[in-house]
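Engineer: Below is the structure I would like to discuss, written out as structure tokens.
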Amino acid sequence: MEISHENISGYGCIFKLRGYAEIKSFAIELIKTIADELMRRGARGIGHIKLHIEGKNEYLRADTIGLKYGVYIEGLISSSEEYITTINAISLGLRREDVEEIVHESIIKISKKHGLEIINHNF
Amino acid sequence: MKLIQIAGFLGSGKTTTIIAISREMSNRGKRVAIIVNEIGEVPVDAKIMSDYGLKVMDIGGGCICCELMINLSYTLEELARLYSPDIVLIEPSGVAIPSSINDGLSMVKFPIERGPIVVLFDGLRGEELLADEDLSNFIKRQMINANIIVINKIDLLEDEKIKYFEKLLSGINPNAKILKISAKNGCGIKELIEEVLGG
Chain A
158 MEISHENISG
168 YGCIFKLRGY
178 AEIKSFAIEL
188 IKTIADELMR
198 RGARGIGHIK
208 LHIEGKNEYL
218 RADTIGLKYG
228 VYIEGLISSS
238 EEYITTINAI
248 SLGLRREDVE
258 EIVHESIIKI
268 SKKHGLEIIN
278 HNF
Chain B
200 MKLIQIAGFL
210 GSGKTTTIIA
220 ISREMSNRGK
230 RVAIIVNEIG
240 EVPVDAKIMS
250 DYGLKVMDIG
260 GGCICCELMI
270 NLSYTLEELA
280 RLYSPDIVLI
290 EPSGVAIPSS
300 INDGLSMVKF
310 PIERGPIVVL
320 FDGLRGEELL
330 ADEDLSNFIK
340 RQMINANIIV
350 INKIDLLEDE
360 KIKYFEKLLS
370 GINPNAKILK
380 ISAKNGCGIK
390 ELIEEVLGG
């Protein structure tokens, strides 16, 4: 499979969450869930998955280039109730529609698990 | 206005490197602006850079090495008009071919100084990527026209591995200067800046 723009698929979206939760744990679990699911559905590899969460005067970012390398986390969110969340996931070998579906499903599942309500989104 | 591309495959550390370079250049009194091109519709990298107070413009929805080249040209003109930067750092997507971007800069209608093409090599994931024939060919395509190849993430590597990569990359592009950095902890950043400003 020649690597080209055609077989590297990326999908990104923005959504707003509300609730009190341990945001660092949420971020790590969301990234891990997306990464696991991309590979489970046949991705050849992870390009990267990047997440940016913005609270009230606070931010947190997390990213991975594949779970064997871990999830990098920077920043702190400890006193916000609403979060603007931006995520971008890039994989090798899956269709864009598959990446989009996996990202949406993971956001819905993991937000609910952490008691966070999705109050706005662009998907 | 000097343009410097900081290219490299997905996850090689382009954003972290650009943040480190920008902050150091700003400390030296340079007006720095950044153009970011990401695969995917939302500008995560631009948000990350903005958290550091950096001047960022993002071009999304495709790759600037091909279908969005005209957007890059317009964005450069806007930056020149609104901000008059001394330095513009261009972060192409991780699947861009740096030489295509450089060729496309001929569309820019005002005088620019073309700085070196910098291509990052992911020291942590590099071997895994090069072990895959298709990925290896792609990464070599990115490396082949670099003026400077930068081994990133050296804080996670043994000295022997760094030497191995230096030799390997030198074989791929014997004309490139090989540098090594840790964008995360700042090691080697000053040397990289000296090289890109002096080149």
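So the sequences go chain by chain: A and B. In case it helps, our numbering puts the first sequence at residues 158 to 280. In case it helps, our numbering puts the second sequence at residues 200 to 398. By construction, the Cβ of each residue, glycine as well, lies at the ideal position given by its N, Cα and C atoms.
1) Quick check on residue 222(B) - is its C-beta less than 8 Å from some C-beta in chain A?
2) Which same chain residues end up closer than 6 Å to residue 221(B) when comparing Cβ atoms and leaving out the 5 residues on each side of it in sequence?
3) Could you spell out where the alpha helix (DSSP H) holding residue 271(A) opens and where it closes?
4) Tell me whether residue 197(A) counts as near the ligand FAD, meaning its Cβ is closer than 7 Å to at least one heavy atom of that ligand.
5) Within 8 Å (strictly less), CB to CB, does residue 277(A) reach chain B?
6) Name the chain B residues whose beta carbon is nearer than 9 Å to that of residue 252(A)?
7) I'd like to know whether the C-beta atoms of residue 175(A) and residue 273(A) end up nearer to each other than 8 Å.
8) If we ignore side chains and look at the alpha-carbon of each, how far apart do residue 259(A) and residue 225(A) end up?
9) With DSSP collapsed to three states, give me the class of residue 207(A).
10) Please state if the CB of residue 240(A) and the CB of residue 191(A) are separated by a distance shorter than 8 Å.
11) Which chain B residues are close to residue 245(A), counting only those with a beta carbon under 9 Å from its beta carbon?
12) Counting only C-beta atoms, is residue 354(B) closer than 8 Å to chain A at any point?
13) Shorter than 8 Å from the beta carbon of residue 240(A) to some beta carbon of chain B?
14) Which bits of chain A does residue 210(B) rub up against, with CB to CB less than 7 Å?
15) If you measure from the beta carbon of residue 218(A) to each beta carbon in chain B, is any gap under 8 Å?
16) Closest to residue 277(A) by C-alpha separation, out of 235(A), 171(A), 194(A), 257(A), would be which residue?
17) Return no unless some Cβ of chain A is closer than 8 Å to the Cβ of residue 247(B).
18) Threshold first: 3 residues or longer. Then list the beta strand (DSSP E) segments lying entirely within the stretch 315 to 385 of chain B, N to C.
19) Using beta carbons (cut-off 8 Å, strictly below), is residue 171(A) in contact with chain D?
20) DSSP on residue 236(A), reduced to helix/strand/coil?
21) Rank 343(B), 277(B), 385(B), 354(B) by C-alpha distance to the C-alpha of residue 377(B) and give the top, closest one.
22) With a cut-off of 8 Å on the beta carbons, I'd call residue 188(A) and residue 242(A) a contact; round off their distance for me.
23) Go to residue 232(B), then tell me how far its beta strand (DSSP E) extends in each direction, as first and last residue.
Structural biologist: So, from the listed chains and residues:
1) no
2) Residues of the same chain with a CB within less than 6 Å of the CB of residue 221(B), apart from the 5 flanking positions on each side, are 231, 253 in chain order.
3) Looking at the DSSP string, residue 271(A) is not in any alpha helix (DSSP H), and its letter there is neither H nor E.
4) With respect to small molecules bound, the structure shown includes none, and the ligand FAD cannot be examined in it.
5) no
6) Result: empty, since nearest Cβ-Cβ is about 14 Å, beyond 9 Å.
7) yes
8) 20 Å
9) strand
10) No, Cβ-Cβ distance for residue 191(A) and residue 240(A) is not below 8 Å.
11) 237, 238, 239, 240, 241, 242, 243, 244
12) no
13) no
14) 204, 205, 222
15) yes
16) 171(A)
17) yes
18) 347 to 351, 376 to 379
19) In the structure shown, chain D does not exist; the protein chains are A and B.
20) coil
21) 343(B)
22) With 8 Å as the limit, residue 188(A) and residue 242(A) do not qualify as a contact, their Cβ atoms being about 12 Å apart.
23) 231 to 236
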